[in-house]
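This report refers to the structure that appears directly beneath it.
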Amino acid sequence: MLYKDFYSELGKLLYAVADIDGVITQSEKKVLHEIVRKELVPSEKHKDEFGTDAAYYAEIEFEYLEEEISDADAAFNSFIDFVEEHHTAFNEKMRKICIHVAKEIANAYHKTNKKEKLIIKRLKEQIELIDTNVEVEL
95 MLYKDFYSEL GKLLYAVADI DGVITQSEKK VLHEIVRKEL VPSEKHKDEF
145 GTDAAYYAEI EFEYLEEEIS DADAAFNSFI DFVEEHHTAF NEKMRKICIH
195 VAKEIANAYH KTNKKEKLII KRLKEQIELI DTNVEVEL
């Protein structure tokens with residue numbers, strides 16, 4: 095699995111959470127930038143061919159999707175498809191990061207609303223299903 099692909103898909107997840115209610119706020123964008131700079135970049139060692147830290151791809155993808163006014167559900171499904179396809183490389187640390195950053199984005203603007211709670215619940219359920227499938231395959 096290419097790490098920049100993982101972070102691009104993570105950007106899709108974050109976009110889906112931020113846009114699930116139809117509005118992406120400045121608070122959500124600010125939290126996205128903080129998450130990338132303070133949490134993802136310091137722990138990521140992989141870089142692309144230009145020397146860009148792979149974690150920045152989460153921010154790049156989010157901004158691209160926002161510019162294109164993409165569908166939140168399609169972005170979420172893309173993330174889930176990626177995780178299912180790469181389930182053997184999707185370790186516990188990555189699972190925790192995904193859930194943690196999704197919650198952070200959801201809490202960015204007046205705490206988590208109903209739609210954000212539902213998408214985070216779906217995320218947790220999908221990750222648990224992937225965990226179950228991995229155990230069965232072993």
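Numbering follows the working numbering, in which position 86 of the sequence shown is assigned residue number 180; successive positions increment by one, without gaps.
The C-beta atom is built at its ideal place from N, Cα and C for all residues, glycine as well.
Since we're looking at a predicted model, the values are computed, not measured.
Length of the line joining the Cα atoms of residue i and residue j
| i | j | result |
| --- | --- | --- |
| Ala196 | Lys106 | 11 Å |
| Asp113 | Ala166 | 6 Å |
| His180 | Thr146 | 23 Å |
| Tyr203 | Ser121 | 6 Å |
| Lys124 | Leu223 | 31 Å |
| Lys187 | Glu103 | 16 Å |
| Ser137 | Phe176 | 21 Å |
| Asp142 | Asn171 | 25 Å |
| Lys205 | Leu212 | 14 Å |
Close Cβ partners of residue i (< 6 Å) along its chain, the five nearest in sequence each way excluded
| i | result |
| --- | --- |
| Leu134 | Ala149 |
| Ile221 | Arg189 |
| Phe173 | Glu103, Lys106, Leu107 |
| Tyr101 | Ala148, Ala149, Tyr151, Ala152 |
Sequence-distant residues of the same chain with beta carbon closer than 8 Å to residue i, five excluded per side
| i | result |
| --- | --- |
| Asp115 | Asn207, Lys209, Glu210 |
| Lys218 | Ile193 |
| His140 | Tyr97, Lys98, Asp147, Ala148 |
| Arg216 | Phe170 |
CB of residue i within 8 Å of CB of residue j, strictly
| i | j | result |
| --- | --- | --- |
| Ala152 | Ala110 | no |
| Glu160 | Ile118 | yes |
| Glu198 | Ile154 | no |
| Ala200 | Ile191 | no |
Residue burial classification, residue i (beta-carbon count within 10 angstroms, cutoff 16)
| i | result |
| --- | --- |
| Met163 | Note that residue 163 is Ile in the sequence shown here, rather than Met. Ile163 should be labelled exposed. |
| Leu126 | buried |
| Phe144 | exposed |
| Glu178 | exposed |
Chain-order list of residues whose beta-carbon lies under 7 Å from that of residue i (same chain, five-residue window excluded)
| i | result |
| --- | --- |
| Lys132 | none |
Within the segment 148-190, ranges of the alpha helix (DSSP H) (whole runs, at least 4 residues): Segments of the alpha helix (DSSP H) lying fully in the segment 148-190: 150-162, 166-179.
Within the segment 101-155, note down every full alpha helix (DSSP H) run reaching 4 residues or more, in order along the chain. Counting only runs of 4 or more residues that sit fully inside the segment 101-155, the alpha helix (DSSP H) segments are 120-128, in chain order.
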